């Protein structure tokens, strides 16, 4: 075997810091060289963007400088190629510097460094003009890898105070710069603020400088190295020079901070990942239960009996039965296995009743499993913290998954292969995760339980805390857009948007959990509870940014309170504490439905439109849990500040969960970037100034077979070539609808602006507007409803071919309340009559043609005309108009998507209305005709029906 070291002539000796200097010089030369050449040759072109040019925008962005034009693009690519060699050497030398026997951290960081270097080459040599998708993939991968690279370098940094301090400052500045960067990009892209892109460009260049500077710090570390080239066979005549042969002594305590520990073990890290995935599957199953239950009262138009399935969560009462308690505490992960396999495979059941039954069983077993898991670990603070963290991070992971899939969880039983479900993938990964956990359970001996003092106070208070906590998490934080839609009030945009600000909600949840872990006594204090309560009040009472900041405060508090509320509840007997907690959670679920569905439940009018009562009750319940926790927290003189885990193993274990949180934050930021709208939407037939408008009652995007219907809706709306579409029964931001928002999916896939309409805190069944024309302004209305349900309406103004056109989307009240419908008719007719602009009404009127309230809607009072007075077969859906030329009208069958057809009309802007006489299709220009796709038998169950063909007007 050859020796490890061989003598020979030293050909060259390169100081280690030169590698770092070469990397820094080449990288800066690439960016600054491109900047200088670009400004010199193409200044006005590279400062031009889609909205403004010079002199409004006067500083170029990085992307415009390095990727758009020759020769600056070539200058950049040449120097980046020269940078690659020093870059790989930099990663290798850092690995040599921090590698320690028995530790895998150095290899992991080196792998991330290599991956980051390769992705840099990807976005450098595949520009956005070459292939926009791959350029974005490489760029996002590079940015995602930056966080673990930065954290890894900080964790494993040699004990040099200077380099540690520099790395901390530069890393903080880098990630801090991202916030204003995103803000000014939104100001440019969404609000079209003049000069915003120039400000954005300054922050973008700052990121580049900071990124390179962070790696330049390695020059101080590499000063202990020399790269030596030896001729071991004597073919050259080198001069021997002194080579530094001292090596750094092994350090046992190198991390920055008390949490991050370099001696990571992949088995323990995998334990944490699998633990979180089990938590994710639990939240997937729990959040799907209400969605499945809702299908039945929706079709029965009242209480169906299937609502009893919501009580599936009270299964922890079974822990009061000694044999079941012993088995559950001994084999909790067998219960998790049953929960996951039962819940994830439910999508295979075709019958809605059977699918609900299987999900109910999964929820029953899952709640029992998690309570048994927590109670089992009650004597081991380290393991209990890990289980609670996994459970809450599972909720965050579920929210991230819904963010990625436009508010549908891809593992829900309403999903399958045809509508974008990843059910088989979920089953595969859950099988791996639970198998690993069961294997590790056999390898790790069970710890000795520590006896605890008898808890003080009532278990009912602790249970109420659990009920309020789970309801708050589920109703407000199981989707990243829920808080945003609570405060949305229409255009112009005056608050957050689901994309990209949903990532802010996810970030706040993660930070809240970390705060609750490190500052438990602060989190359980009455002061902190008061702050959370103020946040809840602000969210309930205010809109726009101020309301959202209240929502973020509440989200932070709920996640920070989770560890201490669950820990306190485990002190009490689990059967009565958690069963009562989940029972109170179920009452809150029904409560927050009844405030909207008061017309369909006994005693409903007592809580009519009282979301404020729901929020207040939630906080009071959590306050009961805080009181109970303070009773059992020991001396009030306990430390109120930072509290690290009590032992090194706890610190290391906590670090794994924090790494997972950081990864989820990166994923959410990447998703926000990928989903950010282009806002370059155009109508289908601009040459003829044609508007194709439609109205559709979508039944909360659940089809007749209890499947999510967004993809099927997309097919029909795209095929009908709609420019405007009013959607009714569209508010899904409640537990019973899965906390979803179908307008996000439809708007992104169809290329349209979206207005959600009155939000989930406005007590309606919802209406929404999608438009290929920019929405200049929109106002939400709640029409008079003294007896029945609130009637929502949107009054929007769109810019159609340079002319302002008003669009009204409206859902009238129930047939059982004629006085309500009369008052609503007068309100809306006056609203339509108040505008002199061309107008379109897309509505659900609950009236027969030319009878009753119809004659108020279609009258001189409103100024509106009916699209087709001769269509006598309508009862609910109507399209009215004024100031436009109607050219065509059609009725499209729904297949099994919903219970209502799609009605569509075509109008021309800037032309007087015609005679209204019917003409044959061959008299109509090709561009003004309806698609041939739906003629005859149509396609996928959609065809022109009632008239069996479209109607055209002279």
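Numbering (this note's numbering), first residue to last: 9 to 962.
Even for Gly, the Cβ is constructed at its ideal location relative to N, Cα and C.
As the structure is a prediction and not an experimental result, all values here were calculated from the model.
Inter-segment contact for the stretch 535-552 and the stretch 754-766 is absent: fewer than three beta-carbon pairs are separated by less than 8 Å. Secondary structure at residue 729: coil, using DSSP grouped into helix, strand and coil. Residue 88 holds the alpha-carbon nearest to the alpha-carbon of residue 40 among 27, 63 and 88. The alpha carbon of residue 171 has as its nearest neighbour, out of 224, 134, 198 and 152, the alpha carbon of 224. Between residue 179 and residue 162 the beta-carbon gap is near 7 Å, inside 8 Å, which marks them as a contact. Take residue 207, set aside five residues on each side of it, and the residues of its chain with a beta-carbon closer than 6 Å to its own are 192, in chain order. Distance from residue 636 to residue 470 at the Cβ level is roughly 4 Å; contact confirmed, criterion being Cβ atoms closer than 8 Å.
Nearest to residue 214 by C-alpha distance, out of 199, 639, 184 and 811, is 184.
CA-to-CA, the gap between residue 90 and residue 19 works out to about 23 Å. Pairwise C-beta distances place the stretch 774-781 out of contact with the stretch 666-684, as fewer than three of them are shorter than 8 Å. The count of Cβ pairs closer than 8 Å, one atom from the stretch 315-323 and one from the stretch 697-715, stays below three, leaving the stretches out of contact. Boundaries of the beta strand (DSSP E) harbouring residue 910: 910-916, taken from the DSSP string. Here the alpha carbons of residue 429 and residue 423 stand approximately 5 Å from one another. Its chain contains no residue whose beta carbon lies nearer than 7 Å to that of residue 63 once the 5 sequence neighbours on both sides are disregarded. Note that the C-beta distance between residue 320 and residue 420 is not below 7 Å. With fewer than 16 other Cβ atoms from the protein chains shown falling within 10 Å of its own Cβ, residue 310 counts as exposed. Residue 603 sits in coil when the DSSP states are folded into three classes, being neither helix nor strand. Take residue 222, set aside five residues on each side of it, and the residues of its chain with a beta-carbon closer than 8 Å to its own are 158, 161, 175, 178, 179 and 182, in chain order. Of all alpha-carbon atoms in 897, 908 and 927, the one lying nearest the alpha-carbon of residue 939 is that of 897. Residue 786 sits close to residue 498, with the two beta carbons spaced by under 7 Å.
Minimum Cα-Cα distance from residue 339 among the listed residues 274, 948, 408 and 442 corresponds to 442. Contact between the stretch 322-342 and the stretch 474-482 is absent: fewer than three C-beta pairs spanning the two stretches fall below 8 Å.
In the pairwise beta carbon analysis, the stretch 610-630 is classified as not touching the stretch 347-364: fewer than three pairs are separated by under 8 Å.
By the neighbour-count criterion, in which 16 or more other beta carbons inside 10 Å mark a residue as buried, residue 741 falls on the buried side. Annotation: the continuous beta strand (DSSP E) that includes residue 775 extends over 775-779.
With contacts defined by Cβ atoms closer than 7 Å, residue 845 and residue 812 form a contacting pair. Counted as a single uninterrupted DSSP element, the alpha helix (DSSP H) harbouring residue 347 occupies residues 340-352. For residue 23, the secondary structure class from DSSP, reduced to helix, strand or coil, is strand.
The count of Cβ pairs closer than 8 Å, one atom from the stretch 685-694 and one from the stretch 708-725, stays below three, leaving the stretches out of contact.
Annotated three-state conformation of residue 713 is coil, per DSSP.
DSSP places residue 836 in the uninterrupted alpha helix (DSSP H) bounded by 826-841. Here residue 800 carries a strand assignment [DSSP, helix/strand/coil]. Spanning the alpha carbons of residue 303 and residue 574 requires a straight line of approximately 32 Å.
Taking a contact to require three or more Cβ pairs closer than 8 Å, the stretch 857-872 and the stretch 921-940 do not qualify as touching. Selection 25, 96, 961 and 140 evaluated against residue 921 yields 961 as nearest (Cα-Cα). A residue is called buried once 16 or more other Cβ atoms fall within 10 Å of its Cβ, and residue 958 is buried on that count.
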